[in-house]
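A.B. asks: Chains Y and H, in that order, give the protein sequences. Sequential numbering from 84 applies to the first sequence in our numbering. Sequential numbering from 84 applies to the second sequence in our numbering. Once you've had a glance at the structure underneath, I'll fire off some questions.
There are 2 protein chains.
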Amino acid sequence: MILSDRRKRVTIKDVALAAGVSTQTVSRVMNKFSYVSEKTRQRVEAVVEQLAYHPSALARSLSQQRSFMLGIVTFGLKYIGPSRTINGIADKADELGYMLLMKEIDKFSTTSIDEVIDSLLARQVDGILWVAPEIGDNHSWVEEQKSKITVPILFLAMKPRDSISSVSTDNFQGAVMAVQHLLSCGRKRIGHISGPVSWWEADERKRGWQETLNSVGFDTSEYRCAEGNWSSASGEQAFGQLMQKFPDLDAVFVANDQMSLGVLREAIRRGIRVPEQLAVIGFDNIPESAYFYPSLTTIYQDLQLLGEQAVQIIVEMIQARQENRSVMARSRFIQPSLVVRESSRCV
Amino acid sequence: MILSDRRKRVTIKDVALAAGVSTQTVSRVMNKFSYVSEKTRQRVEAVVEQLAYHPSALARSLSQQRSFMLGIVTFGLKYIGPSRTINGIADKADELGYMLLMKEIDKFSTTSIDEVIDSLLARQVDGILWVAPEIGDNHSWVEEQKSKITVPILFLAMKPRDSISSVSTDNFQGAVMAVQHLLSCGRKRIGHISGPVSWWEADERKRGWQETLNSVGFDTSEYRCAEGNWSSASGEQAFGQLMQKFPDLDAVFVANDQMSLGVLREAIRRGIRVPEQLAVIGFDNIPESAYFYPSLTTIYQDLQLLGEQAVQIIVEMIQARQENRSVMARSRFIQPSLVVRESSRCV
DNA sequence: TAATAACATGTTATCGATAACACAATAGGA
DNA sequence: TCCTATTGTGTTATCGATAACATGTTATTA
């Protein structure tokens with residue numbers, strides 16, 4: 084057992100030399116396929132074992148022009164949403180043999196977006212997953228720059244657009260379900276606390292609330308809505324405003340669970356009994372929401388699944404491009420579901 | 084303006100050819116340093132601009148034997164803790180010019196650990212951050228395998244060991260602060276709901292509770308402790324057990340905020356008034372805890388900072404190795420702090 | 001038995017960059 | 001003026017693998 088210099092990595096040449104074959108043969112053994120005699124194979128494998136040879140994925144990427152890495156662009160990793168999604172991405176990527184090259188962005192300036200994409204492309208990622216919310220027109224660059232991006236790119240939680248692929252939770256439908264549930268419990272005056280409406284997701288949820296009320300002929304001339312910023316603090320505050328203007332509210336659909344928590348707290352402070360006087364329904368189904376007081380009815384969006392599907396789809400796109408097939412860009416939706424708990428018990 | 088084939092990447096050769104210089108000169112222009120005449124520089128830069136040349140970081144990594152990538156090994160990304168840490172890591176890495184190559188593990192078998200490390204090394208990461216909890220002896224491989232890992236490695240949240248570098252929150256000290264706070268409020272019968280004690284972090288928090296009570300001469304012959312699994316459900320259940328056995332409890336230190344939420348809920352169910360009859364203190368300071376009912380006193384651990392420091396340290400280790408200096412392995416602690424809220428108001 | 005297919009292996013070029021070295025051309029100092 | 005140091009640029013080798021091609025050896029088939 085020869086111990087070579089610790090610092091130096093064992094290369095395919097070392098193996099070839101030690102086994103008395105060409106590097107090409109070693110490469111063949113490592114990658115299966117192609118013909119190698121049993122005898123040679125065993126000899127090479129023995130040497131590989133002995134020298135603890137591990138091929139350089141880096142060199143392989145360079146020569147194959149393929150890295151088996153996915154570029155992940157995220158925003159707001161400290162929040163639970165993105166990290167759940169990443170979790171699903173990581174699982175599926177692992178299963179399909181891809182690694183993740185991550186880059187977090189903290190703003191949406193054109194230059195920073197350019198830089199991020201360049202840095203991923205420079206490392207030869209095979210595809211890019213854009214895991215960042217659509218806020219205002221921060222996705223407008225997509226149309227112009229799309230042609231410059233030389234690898235498949237898939238957007239998560241983006242408003243559907245022609246000729247761009249995306250996967251999103253059906254926020255609109257989720258909101259519809261929430262409001263229908265409240266209606267079915269006999270609630271008549273249903274308010275809404277939205278997320279920042281410049282966010283596409285927040286806007287969709289709001290639209291779902293509004294259109295559902297319209298569709299059953301409810302008066303929405305009075306605009307029973309306040310805007311928060313996803314935080315519990317903002318939920319608490321928005322609910323205060325709402326109650327000030329509409330003391331007769333008997334239900335509120337809140338755009339996420341964190342804000343719902345703020346609502347519940349403020350309700351207690353004001354002596355409003357939930358659900359007797361006021362039904363509350365959230366969105367997301369964070370694990371804690373089952374232990375709020377009262378436990379929170381909410382719309383469950385499966386972000387883990389979203390991440391998994393995203394990887395599945397982008398890998399298909401990568402394979403298609405590899406085989407020179409072209410695939411239709413497509414926008415997909417994942418359906419959320421209703422989780423009924425105490426905060427909306429029928430009265 | 085010549086539009087070349089979309090598919091083909093612009094290489095240094097294309098630039099060299101177009102500018103009428105050697106590739107080496109282009110390389111010199113791209114990397115500053117070294118002598119290039121002003122005239123040549125401008126000509127090359129113009130061509131770079133025109134062809135939209137972006138150097139391949141991949142090729143550079145191969146030839147420089149340096150990738151400016153950090154390997155990140157995580158566990159339990161779906162929980163908020165790890166993702167907060169990753170957030171800090173991502174920020175600092177970006178600042179220092181590193182990208183993150185992520186790999187999530189879901190179990191701790193020796194083979195899977197081997198595989199993970201190999202896959203990172205195969206891609207030539209410059210260093211590895213191990214962002215996974217120490218559970219039982221799942222870190223025992225470190226001692227044996229350390230020599231095989233050819234790049235610096237830094238562990239987060241690991242029990243200090245000689246000749247291994249780590250950064251952790253001082254869980255013991257956090258627990259001490261929590262219990263001292265309860266004592267200073269005049270609480271006499273202080274229970275504990277721990278995390279899974281096979282986790283080093285959980286064990287440290289428990290030890291802090293125990294030793295603090297011992298140090299002030301409190302009777303700990305009665306073992307006022309129950310074990311949870313970090314979830315709200317387990318907190319609720321553990322608290323039930325605890326009250327069954329020790330109905331006279333006047334305070335409880337809970338090993339994380341999620342479990343505390345379960346405790347608060349169960350306390351309400353049992354008609355126990357918090358904080359009048361029972362003080363509750365958690366650990367972590369998740370954003371929601373300020374909006375629990377009552378709002379939760381807790382120990383704040385700055386995971387973001389933990390991540391940032393980790394990157395800072397590993398980059399120093401990388402630089403040291405690059406310059407062939409050796410650095411002492413060191414275990415570091417980050418101090419948590421006490422956040423007082425309603426759930427422990429003095430009576 | 002000769003032609004052909006399947007198997008087995010080696011050689012050379014390539015992926016896209018940088019390192020190391022070589023060699024001019026200029027500038028400054030003795 | 002000659003020598004040396006500083007600049008500026010090109011050439012060749014290298015990083016660690018695979019692709020493409022070439023070639024030799026068996027086995028199969030007509």
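All residues carry an ideal CB built from backbone N, CA and C; glycine is no exception.
Look at R404 (chain Y) and V250 (chain Y) and say whether their C-beta atoms are less than 7 angstroms apart.
C.D. replies: What you label residue 404 (chain Y) is simply residue 321 of the first sequence in a count that begins at 1. What you label residue 250 (chain Y) is simply residue 167 of the first sequence in a count that begins at 1. Not a contact, by the Cβ cut-off of 7 angstroms.
A.B. asks: Taking only three categories from DSSP, how would you classify W313 (chain H)?
C.D. replies: On the second sequence, position 230 is the one that residue 313 (chain H) refers to. Three-state result, W313 (chain H): coil.
A.B. asks: Please report the straight-line C-alpha distance between A316 (chain Y) and E349 (chain Y), rounded to a whole angstrom.
C.D. replies: Residue mapping note: residue 316 (chain Y) aligns to position 233 of the first sequence, counting from 1. Residue mapping note: residue 349 (chain Y) aligns to position 266 of the first sequence, counting from 1. The alpha-carbon atoms of A316 (chain Y) and E349 (chain Y) are separated by roughly 10 angstroms.
A.B. asks: Would you grab the beta carbon distance between F431 (chain Y) and L344 (chain Y) for me? Rounded to a whole angstrom, and I think it's under 8 angstroms.
C.D. replies: Absent from the structure is residue 431 (chain Y), since the part of chain Y shown begins at 84 and ends at 430.
A.B. asks: Check the Cβ-Cβ distances between E226 (chain Y) and every residue of chain H, and say whether any is below 7 angstroms.
C.D. replies: As a working note, residue 226 (chain Y) is residue 143 in the first sequence. No - not a single Cβ of chain H is within 7 angstroms of the one on E226 (chain Y).
A.B. asks: Taking buried to mean at least 16 other C-beta atoms within 10 Å of its own C-beta, is C429 (chain Y) buried or exposed?
C.D. replies: In the first sequence, counting from the first residue as 1, residue 429 (chain Y) sits at position 346. Exposed, because fewer than 16 other Cβ atoms sit within 10 Å of the Cβ of C429 (chain Y).
A.B. asks: Taking the alpha carbon of V357 (chain H) as the reference point, which residue from H:E284, H:G278, H:L134, H:R270 has its own alpha carbon closest?
C.D. replies: As a working mapping, residue 357 (chain H) is identified with position 274 in the second sequence. Of H:E284, H:G278, H:L134, H:R270, the residue nearest in Cα terms is H:R270.
A.B. asks: In the DSSP output, which residue or residues are listed as bridge partners for S380 (chain H)?
C.D. replies: The count along the second sequence starts at 1 and reaches residue 380 (chain H) at position 297. The sequence given here has Thr at residue 380 (chain H), not Ser. Note: T380 (chain H) sits in a beta bridge opposite H:I364.
A.B. asks: Counting only runs of 3+ residues fully inside the segment 270–349 of chain H, write out the beta strand (DSSP E) ranges in chain order.
C.D. replies: You should have 273–277, 308–310, 334–337.
A.B. asks: Is there at least one Cβ from chain Y nearer than 7 angstroms to D88 (chain H)'s Cβ?
C.D. replies: Walking along the second sequence from the start, residue 88 (chain H) turns up at place 5. In this predicted model, D88 (chain H) has a pLDDT of only 41, less than 50, meaning its place in the structure is not dependable enough to derive any value.
A.B. asks: Below 8 angstroms on the Cβ atoms is my contact criterion, and I expect V234 (chain H) with D209 (chain H) to pass it. Report the Cβ-Cβ distance as a whole number of Å.
C.D. replies: Here the question's residue 234 (chain H) lines up with position 151 in the second sequence. Here the question's residue 209 (chain H) lines up with position 126 in the second sequence. Yes, they are in contact, since the Cβ atoms of V234 (chain H) and D209 (chain H) sit about 6 angstroms apart, within 8 angstroms.
A.B. asks: Answer yes or no: does any C-beta atom of chain H fall closer than 7 angstroms to that of V394 (chain Y)?
C.D. replies: Numbered from its first residue, the first sequence carries residue 394 (chain Y) at position 311. The beta-carbon of V394 (chain Y) is placed no less than 7 angstroms from the nearest beta-carbon of chain H.
A.B. asks: Compute the Euclidean distance between the alpha carbons of S110 (chain Y) and I95 (chain Y), then round it to the nearest angstrom.
C.D. replies: As a working note, residue 110 (chain Y) is residue 27 in the first sequence. As a working note, residue 95 (chain Y) is residue 12 in the first sequence. So the alpha carbons of these two residues sit roughly 8 angstroms apart.
A.B. asks: From W148 (chain H) to K91 (chain Y), what distance separates their C-alpha atoms?
C.D. replies: If you number the second sequence from 1, residue 148 (chain H) lands on position 65. If you number the first sequence from 1, residue 91 (chain Y) lands on position 8. What sits at residue 148 (chain H) in the sequence shown is Gln, not Trp. Going by the C-alpha atoms only, they are around 11 angstroms apart.
A.B. asks: Taking the alpha carbon of L183 (chain Y) as the reference point, which residue from Y:A412, Y:E425, Y:Q402, Y:V394 has its own alpha carbon closest?
C.D. replies: For the purposes of this step, residue 183 (chain Y) is taken as residue 100 along the first sequence, with counting starting at 1. The shortest Cα separation from L183 (chain Y) among Y:A412, Y:E425, Y:Q402, Y:V394 belongs to Y:V394.
A.B. asks: Within 10 angstroms of its Cβ, does F322 (chain H) collect 16 or more other Cβ (buried), or is it exposed?
C.D. replies: Working through the second sequence from its first residue, we reach residue 322 (chain H) at position 239. Buried is the call here.
A.B. asks: Taking only the alpha-carbon atoms, compute the straight-line gap between E128 (chain H) and V156 (chain Y) and give it to the nearest angstrom.
C.D. replies: Numbered from 1 along the second sequence, position 45 holds the residue referred to as residue 128 (chain H). Numbered from 1 along the first sequence, position 73 holds the residue referred to as residue 156 (chain Y). Their backbone Cα atoms lie some 29 angstroms apart in a straight line.
A.B. asks: Would you check if there are 3 or more beta carbon pairs closer than 8 angstroms linking the segment 416–424 of chain Y to the segment 378–394 of chain Y?
C.D. replies: With the cut-off at 8 angstroms, the segment 416–424 of chain Y and the segment 378–394 of chain Y touch.
A.B. asks: If you pair each beta-carbon of the segment 156–166 of chain H with each one of the segment 184–196 of chain H, do three or more pairs fall below 8 angstroms?
C.D. replies: yes
A.B. asks: Would you call Y77 (chain H) buried or exposed, if buried means 16 or more other Cβ atoms sit within 10 Å of its Cβ?
C.D. replies: Summary: the structure shown does not reach residue 77 (chain H), with chain H confined to residues 84 through 430, and so no result is reported for it.
A.B. asks: For V422 (chain H), list the residues DSSP reports as bridge partners.
C.D. replies: If you number the second sequence from 1, residue 422 (chain H) lands on position 339. Answer is H:T381, bridged to V422 (chain H).
A.B. asks: What residues from the segment 196–223 of chain H come within 7 angstroms of chain Y, judged by C-beta to C-beta, listed N to C?
C.D. replies: D201, S202, L204, A205, R206, Q207
A.B. asks: Using 8 angstroms as the threshold, is the segment 269–284 of chain Y in touch with the segment 204–224 of chain Y, meaning 3 or more CB pairs across them?
C.D. replies: yes
A.B. asks: Taking CB distances under 7 angstroms as the criterion, tell me whether R352 (chain H) reaches chain Y.
C.D. replies: Along the second sequence, read from residue 1 onward, the residue named residue 352 (chain H) stands at position 269. Taking Cβ atoms only, chain Y never reaches closer than 7 angstroms to R352 (chain H), which makes this a no.
A.B. asks: Could you check the C-alpha separation between L86 (chain H) and K231 (chain Y) for me, to the nearest Å?
C.D. replies: Start at 1 with the first residue of the second sequence, and residue 86 (chain H) comes out as number 3. Start at 1 with the first residue of the first sequence, and residue 231 (chain Y) comes out as number 148. Annotation note: pLDDT 33 at L86 (chain H) (below 50); position unreliable, coordinate value reported separately. For L86 (chain H) and K231 (chain Y), the distance between alpha carbons rounds to 12 angstroms.
A.B. asks: From Y:H264, Y:N339, Y:S427, Y:S146, pick the residue whose C-alpha is nearest to that of N312 (chain Y); which is it?
C.D. replies: As a working mapping, residue 312 (chain Y) is identified with position 229 in the first sequence. It is Y:N339.
A.B. asks: In terms of residue numbering, what span does the alpha helix (DSSP H) encompassing L212 (chain Y) cover?
C.D. replies: As a working mapping, residue 212 (chain Y) is identified with position 129 in the first sequence. Element bounds for L212 (chain Y): not the alpha helix (DSSP H) but the beta strand (DSSP E), 210–214.
A.B. asks: Report the partner residues of S249 (chain Y) according to the DSSP bridge assignment.
C.D. replies: Numbered from 1 along the first sequence, position 166 holds the residue referred to as residue 249 (chain Y). S249 (chain Y) has Y:F238, Y:S414 as its beta-bridge partners, per DSSP.
A.B. asks: Using a Cβ cut-off of 7 angstroms (strictly closer), state whether R356 (chain H) contacts chain Y.
C.D. replies: Translated into positions along the second sequence, residue 356 (chain H) becomes position 273. R356 (chain H) does not count as touching chain Y.
A.B. asks: Which residues in chain Y have a C-beta closer than 8 angstroms to the C-beta of E187 (chain H)? List them in chain order.
C.D. replies: Position 104 of the second sequence, counted from the first residue, corresponds to residue 187 (chain H). Going along chain Y in sequence order, the residues near E187 (chain H) (Cβ under 8 angstroms) are N170, A173, D174, D177.
A.B. asks: What does DSSP give as the partner residue(s) for I369 (chain H) in the beta ladder?
C.D. replies: Counting from 1 along the second sequence, the entry for residue 369 (chain H) is found at position 286. For I369 (chain H), which the question treats as bridged, DSSP gives no partner whatsoever.
A.B. asks: Kindly list the residues whose CB is nearer than 6 angstroms to the CB of D331 (chain Y), restricted to its own chain and excluding five residues on each side of it in sequence; keep chain order.
C.D. replies: Position 248 of the first sequence, counting from 1, holds the residue named residue 331 (chain Y). Within the same chain, R272 come within 6 angstroms of D331 (chain Y) by CB-CB distance, once the 5 residues on both sides are set aside.
A.B. asks: Does the segment 130–150 of chain Y come close enough to the segment 199–213 of chain Y to have 3 or more Cβ pairs within less than 8 angstroms?
C.D. replies: yes
A.B. asks: Pull up the distance between the alpha-carbon of F238 (chain Y) and that of A176 (chain H), whole angstroms please.
C.D. replies: Position 155 of the first sequence, counted from the start, is the residue given in the question as residue 238 (chain Y). Position 93 of the second sequence, counted from the start, is the residue given in the question as residue 176 (chain H). For F238 (chain Y) and A176 (chain H), the distance between alpha carbons rounds to 24 angstroms.
A.B. asks: Beta-carbon of M84 (chain Y) versus every beta-carbon of chain H: anything under 7 angstroms?
C.D. replies: Along the first sequence, one-based indexing puts residue 84 (chain Y) at 1. With a pLDDT of 28 at M84 (chain Y), under the threshold of 50, the modelled position of that residue is not reliable, and no figure is offered here.
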